[in-house]
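Undergrad: For the sequence shown, our numbering puts the final residue at 212, and the numbers step up evenly by one. We treat Cβ as the ideally placed atom computed from N, Cα and C, and that holds for glycine. The following block contains the structure, expressed as structure tokens.
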Amino acid sequence: MSSYAYLFKFIIIGDSKLGVGKSCLLLQFLDRKFKLDHDTTIGVEFGSKTLNIRQKNIKLQIWDTAGQESFKSITRSYYRGSICALIVYDVTSRDSFENITRWMEETKSYANDKITLVLVANKTDLSDKRVISAEEGQTFAKKHDLIFVEASAKTGFQVDKIFQEAAEAVLKKIEQRDIDATNESIGVRIGSQMTEEMVEKQKEQQKPKCC
């Protein structure tokens, strides 16, 4: 699917030092692979994939950011150019869950005000080590108006759902004109598929109407 209606830029954030599994989620989404010994992200990793949503091809560009302080300046620049942020925590780590608030504050400081936030509860396959329940995650998400998805990068459980629901939310905002799709600085780009659709609509409008 080379042509697309829209391109959306996503950023994945969360505690790298606590190993929440950001890179593993991205790898599972892109390649259907899981690597337990995945190297720590250095700076920013990148991947892209096209989804079909309501008969529109939506291309996602996904930036997986490092958590190290030395890369903070890089991370901040990607916040500004993203239309969606996936905040990942590990359901077996209370610290990673409690740090969500800090990630939300950082997003508020550096991202554009149109950004969609998705809270991702990763590692649901480790049920015997779980310390954050689905209900606790859902309650937090509802309180802060976040999309909430539980997933497992290891098994692939609901990994696609994360990106599907995020893309659908952004597309809905565009269709409701809450987001200006012509403003590329906020992480959205109109593609050739949409341009062709617009041209066809214009042609229809310009056709002489019968009396």
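Between which residues of its own chain and residue 118 is the CB-CB distance below 6 Å, once the five residues before and five after are set aside?
TA: On the sequence shown, position 117 is the one that residue 118 refers to. Within the same chain, residue 118 has close Cβ partners 86 and 147.
Undergrad: Touch check for the segment 181-199 and the segment 5-15: three-plus C-beta pairs under 8 Å?
TA: yes
Undergrad: Can you confirm whether the segment 104-115 touches the segment 44-62 when touching is taken to mean that 3 or more C-beta pairs between the two stretches lie within less than 8 Å?
TA: The count of Cβ pairs closer than 8 Å, one atom from the segment 44-62 and one from the segment 104-115, stays below three, leaving the stretches out of contact.
Undergrad: Let's see if you can read the secondary structure: which residues bound the alpha helix (DSSP H) around residue 166?
TA: Locating residue 166 in the sequence shown gives position 165, where the first residue counts as 1. Segment 160-176, the alpha helix (DSSP H) holding residue 166.
Undergrad: Classify residue 155: buried if its beta carbon has 16 or more other beta carbons within 10 angstroms, exposed otherwise.
TA: If you number the sequence shown from 1, residue 155 lands on position 154. By the Cβ neighbour-count rule, residue 155 is buried, with 16 or more other Cβ atoms within 10 Å of its own.
Undergrad: I'd like the list of long-range same chain contacts for residue 175, defined as Cβ closer than 8 Å, with 5 residues on each side in sequence excluded.
TA: As a position in the sequence shown, residue 175 is number 174, starting the count at 1. Hits under 8 Å: 7, 182 and 189.
Undergrad: For the beta strand (DSSP E) that contains residue 15, what are its first and last residues?
TA: By one-based count along the sequence shown, residue 15 stands at place 14. Here the beta strand (DSSP E) through residue 15 covers 7-15.
Undergrad: Quick one: what's got a C-beta closer than 6 Å to residue 62's C-beta in the same chain, skipping five residues either side?
TA: Working through the sequence shown from its first residue, we reach residue 62 at position 61. Excluding residues within five positions, the ones whose Cβ falls inside 6 Å are 10 and 49.
Undergrad: How many Å lie between residue 66 and residue 177 at the Cα?
TA: Indexing the sequence shown from 1 puts residue 66 at position 65. Indexing the sequence shown from 1 puts residue 177 at position 176. Whole-angstrom Cα-Cα distance: 30 Å.
Undergrad: Within 10 angstroms of the Cβ of residue 124, are there 16 or more other Cβ atoms? Answer buried if so, exposed if not.
TA: Mapped onto the sequence shown, residue 124 falls at position 123. It is buried - the Cβ of residue 124 has at least 16 other Cβ atoms within 10 Å.
Undergrad: When the Cα of residue 80 is compared with those of 12, 157 and 90, which residue comes out closest?
TA: What you label residue 80 is simply residue 79 of the sequence shown in a count that begins at 1. Per the Cα distances, 12.
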